[in-house]
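I have placed the structure first, in the form of structure tokens, so that the comments after it can refer back to it.
Protein chains: 2
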Amino acid sequence: MVHPADDVRPPTMADVAREAGVSHQTVSRVLSDHPNVRAATREQVTLAIERLGYRRNSAARALVTRRTRTLGVIAVNTALYGPASTLTGLEEAAREQGYLVSTVSLRTGEGQGLKDAIDHLASWGVEGVVAITPQRSHVQALAELDAPFPVVTVEGGHQLDLPGVSLDQELGARMVTEHLLAAGHGNVWHVAGPDDWLESEARTAGWRTVLEESGIRPPRVLTGDWSPLSGYRAGQELAGLALARRGTTPVTAVFVANDQMALGVLRALREGGIRTPGQVAVAGFDDIPEAEFFPPPLTTVRQDFAAIGRRSIGLLVDHIEGRARKAEHLLVEPQLIMRASTRPSNES
Amino acid sequence: MVHPADDVRPPTMADVAREAGVSHQTVSRVLSDHPNVRAATREQVTLAIERLGYRRNSAARALVTRRTRTLGVIAVNTALYGPASTLTGLEEAAREQGYLVSTVSLRTGEGQGLKDAIDHLASWGVEGVVAITPQRSHVQALAELDAPFPVVTVEGGHQLDLPGVSLDQELGARMVTEHLLAAGHGNVWHVAGPDDWLESEARTAGWRTVLEESGIRPPRVLTGDWSPLSGYRAGQELAGLALARRGTTPVTAVFVANDQMALGVLRALREGGIRTPGQVAVAGFDDIPEAEFFPPPLTTVRQDFAAIGRRSIGLLVDHIEGRARKAEHLLVEPQLIMRASTRPSNES
DNA sequence: CACGCTGTTGTGAGCGCTAACAATCAACCT
DNA sequence: AGGTTGATTGTTAGCGCTCACAACAGCGTG
Numbered sequence: 016m017v018h019p020a021d022d023v024r025p026p027t028m029a030d031v032a033r034e035a036g037v038s039h040q041t042v043s044r045v046l047s048d049h050p051n052v053r054a055a056t057r058e059q060v061t062l063a064i065e066r067l068g069y070r071r072n073s074a075a076r077a078l079v080t081r082r083t084r085t086l087g088v089i090a091v092n093t094a095l096y097g098p099a100s101t102l103t104g105l106e107e108a109a110r111e112q113g114y115l116v117s118t119v120s121l122r123t124g125e126g127q128g129l130k131d132a133i134d135h136l137a138s139w140g141v142e143g144v145v146a147i148t149p150q151r152s153h154v155q156a157l158a159e160l161d162a163p164f165p166v167v168t169v170e171g172g173h174q175l176d177l178p179g180v181s182l183d184q185e186l187g188a189r190m191v192t193e194h195l196l197a198a199g200h201g202n203v204w205h206v207a208g209p210d211d212w213l214e215s216e217a218r219t220a221g222w223r224t225v226l227e228e229s230g231i232r233p234p235r236v237l238t239g240d241w242s243p244l245s246g247y248r249a250g251q252e253l254a255g256l257a258l259a260r261r262g263t264t265p266v267t268a269v270f271v272a273n274d275q276m277a278l279g280v281l282r283a284l285r286e287g288g289i290r291t292p293g294q295v296a297v298a299g300f301d302d303i304p305e306a307e308f309f310p311p312p313l314t315t316v317r318q319d320f321a322a323i324g325r326r327s328i329g330l331l332v333d334h335i336e337g338r339a340r341k342a343e344h345l346l347v348e349p350q351l352i353m354r355a356s357t358r359p360s361n362e363s
Numbered sequence: 016m017v018h019p020a021d022d023v024r025p026p027t028m029a030d031v032a033r034e035a036g037v038s039h040q041t042v043s044r045v046l047s048d049h050p051n052v053r054a055a056t057r058e059q060v061t062l063a064i065e066r067l068g069y070r071r072n073s074a075a076r077a078l079v080t081r082r083t084r085t086l087g088v089i090a091v092n093t094a095l096y097g098p099a100s101t102l103t104g105l106e107e108a109a110r111e112q113g114y115l116v117s118t119v120s121l122r123t124g125e126g127q128g129l130k131d132a133i134d135h136l137a138s139w140g141v142e143g144v145v146a147i148t149p150q151r152s153h154v155q156a157l158a159e160l161d162a163p164f165p166v167v168t169v170e171g172g173h174q175l176d177l178p179g180v181s182l183d184q185e186l187g188a189r190m191v192t193e194h195l196l197a198a199g200h201g202n203v204w205h206v207a208g209p210d211d212w213l214e215s216e217a218r219t220a221g222w223r224t225v226l227e228e229s230g231i232r233p234p235r236v237l238t239g240d241w242s243p244l245s246g247y248r249a250g251q252e253l254a255g256l257a258l259a260r261r262g263t264t265p266v267t268a269v270f271v272a273n274d275q276m277a278l279g280v281l282r283a284l285r286e287g288g289i290r291t292p293g294q295v296a297v298a299g300f301d302d303i304p305e306a307e308f309f310p311p312p313l314t315t316v317r318q319d320f321a322a323i324g325r326r327s328i329g330l331l332v333d334h335i336e337g338r339a340r341k342a343e344h345l346l347v348e349p350q351l352i353m354r355a356s357t358r359p360s361n362e363s
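This is the structure we're talking about:
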């Protein structure tokens, strides 16, 4: 027993054609903005479409045109501020260009997950994929997968021959380090992110370069895992060094590779009775919304995530529509945000 | 001039059928796990599929089955921790059930944006939509749009007849308030979220109820906009009240409606020379990753965003597949996380 | 006035798949 | 043995759309 209402099917192009007294092809022409349709006919059709509440069937269209106009996004760790913001930028840009965006979120980026994600998206016929895969191993895995559509990476570095968009992490790190040196610090310590991450590597590289260019021997690098807790641990170690004042490079300035870890560092310093920025200046990276309200407000590097999203969609669409062939890599400029945590104070 | 390589089309079911020496229908049966296929035939087909690298065309499939197996997600403010985490949970759950998830992110939830978003998704034939629309006006707009597919809300309240999933915000607020009263505070102040938000309303309601049940007259509610800055401003006001000690309810405990604002409150109190929790206890809501590292670590309410995502997909799929008819509303239980910011201290 | 041209509309085929039905064959029952 | 069943496979007809092409009008040109 079928309820009659369950049987009503949405109107088709043929229904509209009948309603408007034209052929289905004319309806199609109106919908695709074909120039050679008389104004009067066009209006008839438009009216009929409205009366029936007609909507073009995307599956039928995709079948015949072989274009799904769907893009995939693979993102690891979408709950973090950076990837989440990039996602928004991506989606908006894609929508403007008439594409649908389908997202696959992975908790961790181990190889199988990536492969499955690509597979999942491929089976729905996406025309291209943006991969927000900040770890070297992900990018490696991605390059080896050899997907049947273009793949653009975000923060994927440019050593592999996948096209991509990144913030100029190294420049950002240089800006922070130079800012700290300019404020009169004789050296700058560094709390880095985890090893496998391209962002950590670039930030560390930028920091190291500036020091070396200034003839300063970079102190030992402390490493965290982006979490506030790991920053806290690093901060405890730095607090110990700052108080001991023996043998090692004096700790007066610290460049922490992201804001969350900087939060932990600040807490550890405070607990160690060390004033910021009075005794030790601290700078972060990312400019999360909370950074302005840290104790003290954090000097950091702002990333224009929306721009990164927009440009990666641009690049992907260029590849899909055959306008780009090479593995181009775009860099987005960072912005240094100076706040109290590195403010030169009166005390020496 | 067409490059020959541009002309190779992906293999079709007919190609596989020829390769395996069967009819295309048998191939279809193998792919849909139809029971009545001889094991040997099945293997022939599987082998042929593998040899050709065949992949079922989802558009053709959707055309004939009238099922796109695609779900839409509309989210306002995806860059926030809560929505972003929910999104991950949603996407995983949908993927497990064999659905593709397409996301539309809106910066603000004004009416036209929502309508366009629904339209965008509808034109791609989504079978249902999960709307992460925490503002009353969004839900209202959504209910009025009358979409051609089921819509499930997340944090959308249950006064309207849309099915939905929410955290039990009111219970969370009760837990915090009771915790503060149990710690010996005579009253609890409240910094609420913006007016139009259902979450603010529920949190304020929970707080108020507990106070009234205990025969305590609730003090005036301060209002913020979820941002650390607005919390900072509210905190300045509270600091003033705490120091003045005249006329008003003494300020010894504050329940802030989210963790970001709590960060601002903590800073303002600290700047006012007020110790937390010594003089004023502070609690938040959300348990963002940073909360554990606030000065001091913040007592807050944890939301199981993954569970919320999972259950909303469950609800949506039930509606799509006709298993549910009513506008059911599910509640997810919150968890109180006790930390130093509300710890009873030695001082009176 | 025959011809070609351009603008406008219609006709037919087919994209790749699934659903319904038909056909075949072996096994089983009476 | 003849008929009936059930398992396995093949055949056919669309799903709703776009593309290629045909048809036809109205116009100017030699």
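Note that the protein sequences, when read in sequence, are chains Y and U.
First residue of the first sequence: 16, per the working numbering; consecutive thereafter.
First residue of the second sequence: 16, per the working numbering; consecutive thereafter.
In this text, a Cβ means the ideal position worked out from N, Cα and C, and glycines have one as well.
A quick note: this is a predicted structure, and the numbers were derived from the prediction, not measured.
- By the criterion of a C-beta distance shorter than 6 Å, U:Gly287 is surrounded in its chain by Ala254, once the five residues flanking it on both sides are discounted.
- Using a Cβ-Cβ cut-off of 8 Å, U:Arg285 counts as an interface residue toward chain Y, since at least one Cβ of chain Y sits closer than that to its own.
- Residue pairing by DSSP places U:Ala268 opposite U:Ala296 in a beta bridge.
- DSSP lists U:Ala90 as the beta-bridge partner residues of U:Ser120.
- Cβ atoms of U:Ile89 and U:Ala146 come within 8 Å of each other, at about 5 Å.
- Fully enclosed beta strand (DSSP E) runs of no fewer than 3 residues occupy 179 to 182, 204 to 207 of the segment 173 to 251 of chain U, in order along the chain.
- The beta carbon of Y:Ser117 sits closer than 8 Å to the beta carbons of Thr85, Leu86, Gly87, Val88, Leu136, Trp139, Val141 from its chain, once the five residues preceding and following it are set aside; these are given in chain order.
- Around the beta-carbon of U:Arg24, fewer than 16 other beta-carbon atoms lie within 10 Å, marking it exposed.
- Among the CB atoms of chain Y, none fall inside 8 Å of the CB of U:Val297.
- In the displayed model, Y:His49 falls within coil according to three-state DSSP, outside both helix and strand.
- Taking the Cβ atoms as the reference, Y:Gly171 lies roughly 7 Å from Y:Leu213, within the contact range of under 8 Å.
- In this structure, the beta-carbon distance from Y:Val180 to Y:Val166 does not fall below 8 Å.
- Under the DSSP assignment, Y:Ile147 falls in the beta strand (DSSP E) whose first and last residues are 143 to 147.
- Interface annotation, Y:His173: not in contact with chain U, CB-CB separation never under 8 Å.
- Taking Y:Val295 as the centre and dropping the five residues before and after it, the same chain places the C-beta of Leu253, Ala257, Val266, Thr267, Ala268, Val269, Leu284, Ile289 closer than 8 Å to its C-beta, in chain order.
- Taking 8 Å as the CB threshold, Y:Ala137 lines the interface with chain U.
- Counting C-beta pairs with one atom in each stretch, the segment 339 to 357 of chain U and the segment 217 to 229 of chain U have fewer than three that are closer than 8 Å, which means they do not touch.
- Within the segment 263 to 291 of chain U, contact with chain Y at the beta-carbon level (separation under 7 Å) is assigned to Gln275, Leu278, Gly279, Arg282, Arg285.
- Proximity of U:Phe164 to chain Y, defined by a Cβ-Cβ separation below 8 Å, is not satisfied.
- Chain-ordered, the chain U residues with CB closer than 7 Å to the CB of Y:Tyr96 read Ala94.
- Rounded to the nearest angstrom, the Cβ distance from Y:Leu244 to Y:Asp274 is 14 Å, too far for a contact under 8 Å.
- In the three-state reduction of the DSSP assignment, U:Asp301 falls in the strand class, which pools E and B.
- In the three-state scheme derived from DSSP, where H, G and I count as helix and E and B as strand, Y:Arg151 is classed as helix.
- With respect to Y:Gly187, Y:Pro349 sits close: the two C-beta atoms are nearer than 8 Å.
- Going by beta carbons, Y:Val31 and Y:Val52 fall outside the 8 Å limit.
- Between the alpha carbons of Y:His173 and Y:Val297 lies a gap of roughly 30 Å.
- Cβ-Cβ distances below 8 Å link Y:Val37 to Thr56, Gln59, Val60 in the same chain, with the five nearest sequence neighbours on each side left out; the list follows chain order.
- Contact annotation: in the segment 299 to 329 of chain U, residues whose CB is within less than 7 Å of a CB in chain Y are Pro304, Glu305, Glu307, Phe308, Pro310.
- Counted as a single uninterrupted DSSP element, the stretch harbouring Y:Thr291 is not any alpha helix (DSSP H), since DSSP gives it neither H nor E.
- In the DSSP assignment, Y:Gln275 falls within the unbroken alpha helix (DSSP H) covering 274 to 286.
- Under the three-state reduction of DSSP output, Y:Leu95 falls in the coil class, being neither helix nor strand.
- Listed in chain order, the positions of the segment 233 to 261 of chain Y with a beta carbon within less than 8 Å of a beta carbon of chain U are Ser242, Pro243, Leu244, Gly246, Tyr247.
- Judged by DSSP secondary structure, Y:Arg317 falls within the beta strand (DSSP E) whose first and last residues are 315 to 317.
- Using a CB distance cut-off of 8 Å, Y:Ser100 counts as an interface residue toward chain U.
- Closer than 8 Å to the CB of Y:Arg110 there is at least one CB belonging to chain U.
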